[in-house]
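What follows is a short report on a single structure.
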Amino acid sequence: MAITESTARRYELADPDVRLMLAVREGDAAAFEQLMQRYQNRVLTVLQHLVGSPQEAEDLAQEVFLRVFRARKNYAAGAKFSTWLFTIVNNVAFNARRGRSRRKEVQVRDEVSSSGSVRGMADLAQAASGMMPTRVIDKEEMRDVVRAALDVLNERQRMAVLLNKFEGLGYADIAEAMQMSPQAIKSLLSRARVALRDVIEPYLQSGVRSPLE
Amino acid sequence: MSNEPAPHDAARLDDEYVAYLDGETPPEVNHRLEALLARDDAARADVHSLERVWDALDHLPRAHASTAFTSTTVEMAAVGAEQEAAASGRSAVNDRWRHALLALAVLSAALAAGYAVASHQGRQETEALVKHLPVVERLDEYRQAGNIEFLRQLADEIPFDKAAPTDAKTGH
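If you're matching them up, the sequences are chains Y and A in order.
Just so it is clear: in the first sequence, position 24 is 24 by my numbering, and no numbers are missing.
Counting from 1 along the second sequence, just add 213 to a position and that's the residue number in my numbering.
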């Protein structure tokens with residue numbers, strides 16, 4: 001879609017990251033590094049929750065920033081920078097999923113779970129030091145429950161949830177990043193929240209973990 | 214007859230509740246929902262539980278890029294710029310890009326290396342403590358002995374394996 005000059009000017013004035021990207025387009029290498037510093041953890045967080053493996057997430061995040069760099073010459077400010085960036089994140093994640101399903105690989109979470117030996121060591125260390133506050137256990141357990149709840153979502157729901165929750169993108173921006181209609185995003189997020197509730201709510205109510213996990 | 218809403222209505226209500234919580238409902242829907250929430254306990258409980266579940270997502274961990282992430286990515290971008298330059302004929306702009314990116318990559322790598330050295334030094338101190346643990350454990354006794362010459366004389370006159378028969382039994 002063609003971007004009018006007034007739209008480009010509006011985004012340039014409103015969004016400092018658009019200005020940085022325009023500087024990248026003009027050959028400012030430091031602006032590229034600045035954009036990376038501002039977004040790398042955010043991109044990585046979304047990708048890590050999408051693909052599970054921290055190593056794969058880092059590889060994909062690298063691919064995202066290299067695509068940003070490669071696209072610099074044709075960049076035009078037609079959206080907030082974050083919306084444009086997360087469109088690339090969505091495409092990279094989609095391609096990775098497609099490649100993975102072709103290889104029929106099993107998704108494995110590399111992060112250490114509550115049953116993992118490293119976590120067990122941490123618990124032992126805490127117990128040995130005499131500091132075992134209940135809230136620490138609750139926090140870890142809560143994290144596991146929420147993580148398991150995210151796994152219940154399909155990939156589109158998960159992406160929409162992560163963009164909405166972590167990036168604070170509105171329905172219109174998420175729709176643009178995921179190339180869907182805002183109405184579809186509304187429905188996607190609603191289904192996602194209901195599915196999350198089915199897993200998380202029993203735990204919040206009674207501390208009982210859902211059999212869905 | 215049941216008072217439960219039909220599944221279609223329930224789904225529509227969920228859509229509206231979620232959009233309401235996300236601040237994505239138009240003013241007229243807001244007014245309608247607020248009136249409903251004011252009079253209907255079940256609706257209020259539904260919205261509250263959706264809100265609590267959403268808040269629970271704050272427990273998800275945030276990722277942090279490794280120290281080498283920026284430098285390796287910038288390096289790869291520099292290589293890409295170089296390939297672009299080679300493909301389209303070198304220009305002053307491409308050279309400027311390549312040099313700037315390489316300088317940034319070197320700077321980022323230096324920062325990453327500095328961090329690695331600092332953490333390595335910390336590790337070395339720990340490793341030294343572990344290595345000399347037998348000495349550290351008996352440091353008080355060694356201090357009481359006064360000096361090394363005295364210990365040598367003692368060792369010459371009374372071999373340790375004879376001086377401490379109970380220790381020899383346990384191997385300590």
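Think of the CB as a built atom: it goes at the ideal place given N, C-alpha and C, for glycine as much as any other residue.
#### Entry: Where residue 257(A) meets chain Y, residues with beta-carbon distance less than 7 angstroms
The sequence position of residue 257(A) within the second sequence is 44, counting from 1. By Cβ distance, chain Y contributes nothing, its closest Cβ being about 15 angstroms from residue 257(A), past 7 angstroms.
### Task
Measure the Cβ-Cβ separation of residue 389(A) and residue 66(Y) and say whether it is below 8 angstroms.
There is simply no residue 389(A) to check, as chain A begins at 214 and stops at 385 in what is shown.
### Message
Considering only the alpha carbon of each residue, which of 178(Y), 30(Y), 37(Y) and 73(Y) lies closest to residue 61(Y)?
### Response
What you label residue 61(Y) is simply residue 61 of the first sequence in a count that begins at 1. When only C-alpha atoms are compared, the closest one is 37(Y).
### Query
Listed in chain order, which residues of the segment 261-281 of chain A have Cβ atoms closer than 9 angstroms to some Cβ of chain Y?
262, 263, 265, 266, 267, 269, 270, 271, 272, 273, 274, 275, 276, 277, 278 and 279
### Task
Return the CA-CA distance between residue 59(Y) and residue 98(Y), expressed in angstroms with no decimal places.
Numbered from 1 along the first sequence, position 59 holds the residue referred to as residue 59(Y). Numbered from 1 along the first sequence, position 98 holds the residue referred to as residue 98(Y). Cα to Cα, residue 59(Y) sits roughly 16 angstroms from residue 98(Y).
### Task
Pull out every residue of the segment 179-193 of chain Y whose Cβ sits closer than 7 angstroms to any Cβ of chain A, in chain order.
186, 187, 189, 190 and 193
### Query
How is residue 23(Y) classed by DSSP in three states: helix, strand or coil?
One-based indexing of the first sequence puts residue 23(Y) at position 23. Three-state DSSP puts residue 23(Y) in a helix.
### Task
Mind the definition here: the segment 315-325 of chain A touches the segment 279-298 of chain A only if three or more C-beta pairs lie below 8 angstroms; say whether that holds.
yes
### Message
Can you tell me whether residue 197(Y) is buried or exposed? The criterion is at least 16 other CB atoms within 10 Å of its CB, across all chains shown.
### Response
For this step, residue 197(Y) is matched to residue 197 along the first sequence. Result: buried.
#### Entry: Own chain partners of residue 69(Y) with C-beta closer than 8 angstroms, once the 5 adjacent residues on each side are dropped
Mapped onto the first sequence, residue 69(Y) falls at position 69. Answer for residue 69(Y): 24 and 32, listed in chain order.
### Boundaries (first-last residue) of the alpha helix (DSSP H) holding residue 38(Y)
Taking the first sequence and counting its residues from 1, one reaches residue 38(Y) at position 38. Its alpha helix (DSSP H) spans residues 29-51.
### Query
At a cut of 8 angstroms, does the segment 159-171 of chain Y reach the segment 228-238 of chain A through at least three beta carbon pairs?
yes
### Reduced DSSP secondary structure (H/G/I, E/B, other) of residue 3(Y)
Working through the first sequence from its first residue, we reach residue 3(Y) at position 3. Coil, per DSSP.
### Query
Nearest-angstrom Cα distance between residue 259(A) and residue 229(A)?
For the purposes of this step, residue 259(A) is taken as the residue at position 46 of the second sequence. For the purposes of this step, residue 229(A) is taken as the residue at position 16 of the second sequence. Near 11 angstroms, if we compare the C-alpha coordinates of residue 229(A) and residue 259(A).
### Buried/exposed call for residue 240(A), threshold 16 Cβ in 10 Å
Here residue 240(A) refers to the residue found at position 27 when the second sequence is read from its first residue. Counting Cβ neighbours within 10 Å, residue 240(A) comes out exposed, since fewer than 16 surround it.
### Task
Could you list which residues in chain D have their beta carbon closer than 8 angstroms to that of residue 164(Y), in chain order?
Absent from the structure is chain D; the protein chains it does hold are Y and A.
### Message
Contact defined as beta carbons within less than 8 angstroms: I believe residue 193(Y) pairs with residue 266(A). What is the distance between those atoms, to the nearest angstrom?
### Response
For the purposes of this step, residue 193(Y) is identified with residue 193 of the first sequence, where counting begins at 1. For the purposes of this step, residue 266(A) is identified with residue 53 of the second sequence, where counting begins at 1. At roughly 6 angstroms, the Cβ-Cβ gap stays under 8 angstroms, so residue 193(Y) and residue 266(A) are in contact.
### Query
With a CB to CB cut of under 6 angstroms and the five nearest residues on each side skipped, what residues in its chain are close to residue 334(A)?
If you number the second sequence from 1, residue 334(A) lands on position 121. Result list for residue 334(A): empty, nothing under 6 angstroms.
### Query
Does the Cβ of residue 271(A) have 16 or more other Cβ atoms within 10 Å, making it buried, or fewer, making it exposed?
Here residue 271(A) refers to the residue found at position 58 when the second sequence is read from its first residue. Under this definition residue 271(A) is an exposed residue.
### Task
Just the C-alpha distance for residue 57(Y) and residue 92(Y), rounded to the nearest angstrom, thanks.
Within the first sequence, residue 57(Y) is the residue found at index 57, counting from 1. Within the first sequence, residue 92(Y) is the residue found at index 92, counting from 1. Spanning the two alpha carbons is a distance of roughly 10 angstroms.
### Task
Tell me whether residue 240(A) sits in a helix, a strand or coil according to DSSP, three-state version.
Looking up residue 240(A) in the second sequence gives position 27. Residue state, collapsed to three classes: helix.
### Query
How about residue 77(Y) and residue 8(Y): are their beta carbons less than 8 angstroms apart?
Within the first sequence, the letter at position 77 stands for residue 77(Y). Within the first sequence, the letter at position 8 stands for residue 8(Y). Yes, Cβ-Cβ distance for residue 77(Y) and residue 8(Y) is below 8 angstroms.
### Query
For the candidate residues 96(Y), 84(Y) and 18(Y), whose alpha-carbon lies nearest to that of residue 34(Y)?
Taking the first sequence and counting its residues from 1, one reaches residue 34(Y) at position 34. Cα-wise, what sits closest to residue 34(Y) is 18(Y).
### Query
Just to confirm, are residue 87(Y) and residue 14(Y) a CB contact at a threshold of 8 angstroms?
Taking the first residue of the first sequence as 1, we reach residue 87(Y) at position 87. Taking the first residue of the first sequence as 1, we reach residue 14(Y) at position 14. Going by C-beta atoms, residue 87(Y) is not nearer than 8 angstroms to residue 14(Y).
### Query
If you run the structure through DSSP and keep just helix, strand and coil, what is residue 274(A)?
Position 61 of the second sequence, counting from 1, holds the residue named residue 274(A). Correct three-state label for residue 274(A): coil.
#### Entry: Cβ-Cβ separation, residue 232(A) to residue 186(Y) (assumed contact under 8 angstroms), whole Å
Sequence index remark: in the first sequence, residue 186(Y) carries index 186 (1-based). Sequence index remark: in the second sequence, residue 232(A) carries index 19 (1-based). With 8 angstroms as the limit, residue 186(Y) and residue 232(A) qualify as a contact, their Cβ atoms being about 6 angstroms apart.
### Of the residues 207(Y), 100(Y) and 188(Y), the one placed nearest residue 206(A), counting alpha carbons only
Any answer about residue 206(A) is impossible in this case: the structure gives chain A only from 214 up to 385.
### Task
Using a cut-off of 7 angstroms between C-beta atoms, extract the partners of residue 83(Y) located in chain A.
Looking up residue 83(Y) in the first sequence gives position 83. Here the premise fails: no neighbours, minimum Cβ distance about 16 angstroms.
### Query
Thinking just about the alpha-carbon of each residue, which of 22(Y), 89(Y) and 203(Y) is nearest to the one in residue 41(Y)?
Taking the first residue of the first sequence as 1, we reach residue 41(Y) at position 41. Checked all of 22(Y), 89(Y) and 203(Y); the closest Cα to residue 41(Y) is 89(Y).
### Endpoints, the alpha helix (DSSP H) within which residue 164(Y) is located
The count along the first sequence starts at 1 and reaches residue 164(Y) at position 164. Segment 155-165, the alpha helix (DSSP H) holding residue 164(Y).
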